[in-house]
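Asker:
Protein chains: 2
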Amino acid sequence: MRYAVLAAGKRVRPILCLASCELVGGEENAAMPAACAVEMIHTMSLIKDDLPCMDNDDLRRGKPTTHKVYGEGVAILSGGALLSLAFEHMTTAEVSSEKMVWAVRELARSIGTRGLVAGQAKDISSEAVLGAIIGGGSNEEVERVRKFARCIGLLFQVVDDILDETKSSEELGKTAGKDQLVGKLTYPKLMGLEKSKEFVKRLTKDACEHLQGFSKEKVAPLVALTNFIANRNR
Amino acid sequence: MRYAVLAAGKRVRPILCLASCELVGGEENAAMPAACAVEMIHTMSLIKDDLPCMDNDDLRRGKPTTHKVYGEGVAILSGGALLSLAFEHMTTAEVSSEKMVWAVRELARSIGTRGLVAGQAKDISSEAVLGAIIGGGSNEEVERVRKFARCIGLLFQVVDDILDETKSSEELGKTAGKDQLVGKLTYPKLMGLEKSKEFVKRLTKDACEHLQGFSKEKVAPLVALTNFIANRNR
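Chains as they are written, first to last, in my numbering: chain A, 1 to 234; chain B, 235 to 468.
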């Protein structure tokens, strides 16, 4: 569990969770257990994706995949344990029980048949939504945060597709050129590389527009995160 | 998910959850989502246990195992989806948010590195504890229910070991004689078959003693369940 979680990830999800909490006026500390929870669940999904019976991948976050090091059995158990630890840890957050039940339901939905398991690994809206719930956001604020996060989730996916086509495995820290290999329908394949890059610009702009109305100071970290996702090299 | 959950299980866990809820004065309906949740999580653990990289088993609940029918990838995804659905479904129970957060934490702990993943598959105390929490039990009542359930969990294990040695795969609906095959240290091996049967009687008595002080009417289903576990043939 430590090997997989503490590897050099980008931590986009926990950052998104924390910044969303602050966006609606909450304290960073309040959302920390939820931020750790979303990173644990993200890691669980990476461990599963890399298994021999799934994508059968050897490299992740610049290191050999968990099952390569510890074997398939331990990898599968680690994934399940990370998932339950995520729920357990999230319940330690200092928020009202009402908010916590809402957050548990949101987290569970983001994983299940309509979430992660449906293959929507790049839908990172729940991470932001969790932060906004715990930060004390109103229903309307939570929904605006969800729209913003869906936008940058799509942005993340388009950039992922571009990087997979244009970068080496060494540069990415995971196997490159895989989309081509498995015949995945990517954005570059669908609309060409140039149009995909324009789409990245468009999505960046759209995402930031959803943040209008919140205080400028609180919006800044999320704008920076959006730009990071749009311009990242791995 | 349906194939695995709706197969002919004994439903000991959900029954235990419902009866524990009623024991402390709660309504059966209140604990129904938690009862379904524990059966989903139990099923998830069976799916995982049967995987080729774990026990590599072909038969479960009288049918081919999930990965035999749907493949390993789908089996692993089903397990994860059942786990998250369990949490999501449990939050639909009509109890106070305080009780629900307590129940979520209890459920998560029962799965993680100190629970299921640690291999204590026969510790069924959390099922009973969940029912008692949701039924509105006091801390003292919840702890007495936990002691009762630990007792019948151990009872369950001893009987399992005896059955594995003395019954056929056909009679059990799962592969028999496995403990011998994998060199597991079972109770019959440790203390002999006769002493194991005496231990079953002793545990049955101990379990029922933990129920003293609750109303006779409410205790009856749990005594019946204890006797069922002690005298079952599969």
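Where is the CB? At the ideal position from N, CA and C, for every residue including glycine.
1) According to the neighbour-count rule (16 or more other Cβ atoms, all chains shown, within 10 Å of its Cβ), is B:A315 buried or exposed?
2) Please tell me whether, using a cut-off of 6 Å, the distance from the CB of B:R295 to the nearest non-hydrogen atom of the ligand ATP is below it.
3) Once you ignore the five residues that flank B:L364 on each side, which residues in its own chain have a CB closer than 7 Å to its CB?
4) Note the first and the last residue of the continuous alpha helix (DSSP H) segment covering A:L193.
5) How about B:A241 and B:I275: are their beta carbons less than 7 Å apart?
6) Which same chain residues end up closer than 8 Å to B:N461 when comparing Cβ atoms and leaving out the 5 residues on each side of it in sequence?
7) What are the residues that DSSP puts in a beta bridge with B:R294?
8) Looking at the C-beta of B:A315, does it have a partner C-beta in chain A at a distance below 7 Å?
9) Mind listing the chain A neighbours of B:F321? Cutoff is C-beta to C-beta under 7 Å, in chain order.
10) Measuring alpha carbon to alpha carbon, tell me which of B:N373, B:D289 and B:A309 ends up nearest B:F413.
11) With B:A441 and B:I386 assumed to form a contact (beta carbons below 8 Å), what rounded beta-carbon distance in angstroms separates them?
12) Can you pull the chain A neighbours of B:S359, defined as C-beta to C-beta under 9 Å?
13) For chain A, find out if any of its Cβ atoms is closer than 7 Å to the Cβ of B:C287; answer yes or no.
14) Quick check: what's the CA-CA separation for A:K218 versus A:G25?
15) Alpha helix (DSSP H) containing A:Q157: first to last residue?
16) Strictly by DSSP, which residues pair up with A:Q212?
17) In whole angstroms, what is the alpha-carbon distance linking A:K195 and A:P188?
18) Can you find a CB in chain A that lies within less than 7 Å of the CB of B:T347?
19) For B:G307, decide whether its Cβ has a neighbour in chain A, counting only Cβ atoms nearer than 7 Å.
20) Step through the CB atoms of chain B and report whether any lies within less than 7 Å of the CB of A:P38.
21) Does any residue of chain B have a CB that is nearer than 7 Å to the CB of A:M32?
22) Do the region 54-70 of chain A and the region 166-185 of chain A meet, that is, are 3 or more Cβ pairs less than 8 Å apart?
23) List the whole-angstrom C-beta distance separating A:L222 from A:A132, where the pair is believed to meet the contact cut-off of C-beta under 8 Å.
24) Using a C-beta cutoff of 7 Å, does A:V101 count as contacting chain B?
25) Could you check the C-alpha separation between B:M324 and B:I368 for me, to the nearest Å?
26) Rounded C-beta distance between B:V379 and B:A362? I'm assuming under 8 Å.
27) According to DSSP, is B:A238 part of a helix, a strand, or is it coil?
28) So A:T91 contacts chain B; which residues on that side make the cut at Cβ distance below 9 Å?
29) Under 7 Å, do B:E322 and A:S97 count as touching if we go by C-beta distance?
Answerer: This is what the structure gives:
1) For this step, residue 315 of chain B is matched to residue 81 along the second sequence. Classification for B:A315: buried.
2) The ligand ATP is not part of the structure shown, which contains no ligands of any sort.
3) Sequence index remark: in the second sequence, residue 364 of chain B carries index 130 (1-based). Result list for B:L364: C251, A268, V272, A337, E340 and L341, in chain order.
4) In the first sequence, the residue the question calls residue 193 of chain A occupies position 193. L193 to E209 is the span of the alpha helix (DSSP H), which, as asked, contains A:L193.
5) The count along the second sequence starts at 1 and reaches residue 241 of chain B at position 7. The count along the second sequence starts at 1 and reaches residue 275 of chain B at position 41. The answer is no: Cβ separation not under 7 Å.
6) For the purposes of this step, residue 461 of chain B is identified with residue 227 of the second sequence, where counting begins at 1. Excluding sequence neighbours, B:N461 sits near T438.
7) Numbered from its first residue, the second sequence carries residue 294 of chain B at position 60. The bridge partners DSSP lists for B:R294 are B:K297.
8) For this step, residue 315 of chain B is matched to residue 81 along the second sequence. For B:A315, the answer is yes, since a Cβ of chain A falls inside 7 Å of its Cβ.
9) Residue numbering aside, residue 321 of chain B sits at position 87 when the second sequence is read from its first letter. Simply F87, V104 and A108.
10) Here residue 413 of chain B is taken as the residue at index 179 of the second sequence, counted from 1. For the sequence presented, residue 413 of chain B should be read as Asp rather than Phe. Of B:N373, B:D289 and B:A309, the residue nearest in Cα terms is B:D289.
11) Position 207 of the second sequence, counting from 1, holds the residue named residue 441 of chain B. Position 152 of the second sequence, counting from 1, holds the residue named residue 386 of chain B. Between B:I386 and B:A441 the Cβ distance is about 5 Å, and since that is below 8 Å, they are a contact.
12) If you number the second sequence from 1, residue 359 of chain B lands on position 125. Neighbours of B:S359 on chain A: none; closest Cβ ~16 Å, over 9 Å.
13) Translated into the one-based positions of the second sequence, residue 287 of chain B becomes position 53. Under the Cβ distance rule, B:C287 counts among the residues neighbouring chain A, one pair being separated by less than 7 Å.
14) As a position in the first sequence, residue 218 of chain A is number 218, starting the count at 1. As a position in the first sequence, residue 25 of chain A is number 25, starting the count at 1. Computed Cα separation, rounded: 8 Å.
15) The residue given as residue 157 of chain A occupies position 157 in the first sequence. From DSSP, the alpha helix (DSSP H) with A:Q157 extends over N139 to T166.
16) In the first sequence, counting from the first residue as 1, residue 212 of chain A sits at position 212. For A:Q212, which the question treats as bridged, DSSP gives the partners A:F214.
17) Numbered from 1 along the first sequence, position 195 holds the residue referred to as residue 195 of chain A. Numbered from 1 along the first sequence, position 188 holds the residue referred to as residue 188 of chain A. A:K195 and A:P188: Cα-Cα distance of roughly 8 Å.
18) What you label residue 347 of chain B is simply residue 113 of the second sequence in a count that begins at 1. Judged by the 7 Å Cβ criterion, B:T347 is in contact with chain A.
19) In the second sequence, the residue the question calls residue 307 of chain B occupies position 73. At least one chain A Cβ lies under 7 Å of B:G307.
20) As a position in the first sequence, residue 38 of chain A is number 38, starting the count at 1. Looking at the sequence provided, one finds Val at residue 38 of chain A rather than Pro. Chain B contact via Cβ: absent.
21) As a position in the first sequence, residue 32 of chain A is number 32, starting the count at 1. Cβ-Cβ to chain B under 7 Å: no for A:M32.
22) Flag = yes, the region 54-70 of chain A and the region 166-185 of chain A touch.
23) The residue given as residue 222 of chain A occupies position 222 in the first sequence. The residue given as residue 132 of chain A occupies position 132 in the first sequence. 11 Å between Cβ atoms; not a contact.
24) Position 101 of the first sequence, counted from the first residue, corresponds to residue 101 of chain A. Closer than 7 Å to some Cβ of chain B, the Cβ of A:V101 qualifies, so yes.
25) Here residue 324 of chain B corresponds to residue number 90 of the second sequence, with the count starting at 1. Here residue 368 of chain B corresponds to residue number 134 of the second sequence, with the count starting at 1. Going from the Cα of B:M324 to the Cα of B:I368 covers about 10 Å.
26) Looking up residue 379 of chain B in the second sequence gives position 145. Looking up residue 362 of chain B in the second sequence gives position 128. Indeed, because the Cβ distance is near 5 Å, the residues count as touching under 8 Å.
27) Here residue 238 of chain B refers to the residue found at position 4 of the second sequence. In the structure shown, B:A238 sits in a helix (DSSP, three-state: H, G or I).
28) The residue you call residue 91 of chain A lines up with position 91 of the first sequence. Correct list: V335, W336, V338, R339 and A342.
29) As a working mapping, residue 322 of chain B is identified with position 88 in the second sequence. As a working mapping, residue 97 of chain A is identified with position 97 in the first sequence. With respect to the 7 Å criterion, B:E322 and A:S97 are not classified as neighbours on the basis of their beta carbons.
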